[in-house]
Amino acid sequence: MTKFKNITLVLKPNIIEDFTQFLPDLITYLLNRKVTVHFFNFEKERLKGIACDLLSQINFIEKTDLNHASDLVIVLGGDGTLIGFCRDIGKMNAPIFGINLGKLGFLTEFSKNDFMEELGNILNGKYQTRTMKPHFASVYNKDNKEIFNGFFFNDMVVSNDSIARIIRISVFINNEHLFNVDGDGLIVSTSQGSTAYSLSAGGPIIHPSVNALVLTPVCAHTLNSRPIVVPEDTIIQTAIFEDSNNVVLTLDGQLAFSLKKTDVVKTHNPKHPGFQIITNPKRTYLSNLRDKFIQGNRL
Numbered sequence: 303m304t305k306f307k308n309i310t311l312v313l314k315p316n317i318i319e320d321f322t323q324f325l326p327d328l329i330t331y332l333l334n335r336k337v338t339v340h341f342f343n344f345e346k347e348r349l350k351g352i353a354c355d356l357l358s359q360i361n362f363i364e365k366t367d368l369n370h371a372s373d374l375v376i377v378l379g380g381d382g383t384l385i386g387f388c389r390d391i392g393k394m395n396a397p398i399f400g401i402n403l404g405k406l407g408f409l410t411e412f413s414k415n416d417f418m419e420e421l422g423n424i425l426n427g428k429y430q431t432r433t434m435k436p437h438f439a440s441v442y443n444k445d446n447k448e449i450f451n452g453f454f455f456n457d458m459v460v461s462n463d464s465i466a467r468i469i470r471i472s473v474f475i476n477n478e479h480l481f482n483v484d485g486d487g488l489i490v491s492t493s494q495g496s497t498a499y500s501l502s503a504g505g506p507i508i509h510p511s512v513n514a515l516v517l518t519p520v521c522a523h524t525l526n527s528r529p530i531v532v533p534e535d536t537i538i539q540t541a542i543f544e545d546s547n548n549v550v551l552t553l554d555g556q557l558a559f560s561l562k563k564t565d566v567v568k569t570h571n572p573k574h575p576g577f578q579i580i581t582n583p584k585r586t587y588l589s590n591l592r593d594k595f596i597q598g599n600r601l
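Counting with my numbering, you get residues 303 to 601 for the letters of the sequence shown.
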């Protein structure tokens, strides 16, 4: 008996050809299991070029209907698609089954070539999940008024948005001054995101079960700059020096906000239940780390 009766499929944006190779088979498989298959309304036109013959058997919903219309969500894309979907939805009770169509696939643990063999077990209720929790960033102006806020799952970056010029940032931890950064910027990374941009900038790899944040300066113009690991409930505040121009705040490389010289960025750990991500029983965090980074197998 199938545990999940209502499943929503979320697609990586702007792609048709990749989906024509396997999406019709996936939809047909789910329909044969007596599952009601949902897509978002805005996907109707794209699906005409992917699974036209199945449109009459597909149910289309608004994003606002997702929580009560679905008891499982299948995200087909990459890590960016998964993160973008979670940020867009905000909160969701249904577990997420991530299928990797991208280059890395660290969060979306199932390959498009082998996910079908595990899908049957998931539909029968045989699966395990891990919790992916967001962190929160807010921007305050000189009057201490919040002018921007947003979630990030991997990292928050304060950096230069134009030509290669140094910016100066003052960093505070729980209202105590820690250091200044003269360089390309600062990355504040979650433990999950420690294998993303922070890793490229020389930051440490932190197991996702460790509740921590990493502060990693980017190309700091000094001989003694080092990443610092702090508890995840730490309030981190960054202020921009007056002589810094064209500074931007970026969340997970997807959401950006231009900062003025008098703006202050604060991060904190929200009381958010997180998202339940179905894990691959054939993979572990260490095997992913070994295969995708140490051995360089990014697909």
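Beta carbons are placed, not taken as given, at the ideal position from N, Cα and C, and that holds for glycine.
What do you get for residue i, buried or exposed, if any count of 16 or more other CB atoms within 10 angstroms of its CB means buried?
i: CYS388; result: buried
i: LEU525; result: exposed
i: SER511; result: exposed
i: LYS314; result: buried
i: PHE341; result: buried
From which residue to which residue does the beta strand (DSSP E) around residue i run?
i: PHE344; result: Taken as a continuous stretch (DSSP letters only), PHE344 belongs to no beta strand (DSSP E), as it is neither H nor E.
i: GLY400; result: 398-402
Looking at the structure shown, is residue i part of a helix, part of a strand, or coil, going by DSSP?
i: PHE387; result: helix
i: ILE449; result: strand
i: ALA439; result: strand
i: ALA514; result: strand
i: GLU319; result: helix
i: LEU601; result: In this prediction, LEU601 scores a pLDDT of 48, lower than 50, which makes its location untrustworthy; the coordinate-derived value is nonetheless stated afterwards. Here LEU601 sits in coil by DSSP.
i: GLN430; result: coil
i: PHE651; result: Because residue 651 is not part of the residues shown, which for the chain are 303 to 601, the question remains open.
i: ASN590; result: helix
So the alpha helix (DSSP H) residue i belongs to, where does it begin and stop?
i: PRO326; result: 325-334
i: MET418; result: 418-425
i: HIS370; result: 368-371
Whole angstroms is fine: what's the gap from residue i's alpha carbon to residue j's?
i: PRO326; j: THR431; result: 27 Å
i: THR581; j: GLY379; result: 16 Å
i: GLY382; j: ALA498; result: 11 Å
i: ASN423; j: VAL532; result: 39 Å
i: LEU601; j: LEU349; result: Its pLDDT being 48, under 50, LEU601 is placed unreliably by the model, and the measurement read from it follows with that caveat. Cα-Cα distance, rounded: 26 Å.
i: PHE595; j: SER358; result: 43 Å
i: LYS428; j: ILE530; result: 39 Å
If contacts are defined as beta-carbon pairs under 8 Å, then residue i and residue j qualify, I think. What distance do you get, rounded to the angstrom?
i: THR338; j: ASN369; result: With 8 Å as the limit, THR338 and ASN369 do not qualify as a contact, their Cβ atoms being about 15 Å apart.
i: SER496; j: VAL473; result: About 18 Å; that fails the 8 Å criterion.
i: ILE352; j: ILE318; result: 6 Å
Chain B beta carbons: is any one of them nearer than 8 Å to that of residue i?
i: SER491; result: Of the protein chains in the structure, only one exists, and it is not chain B.
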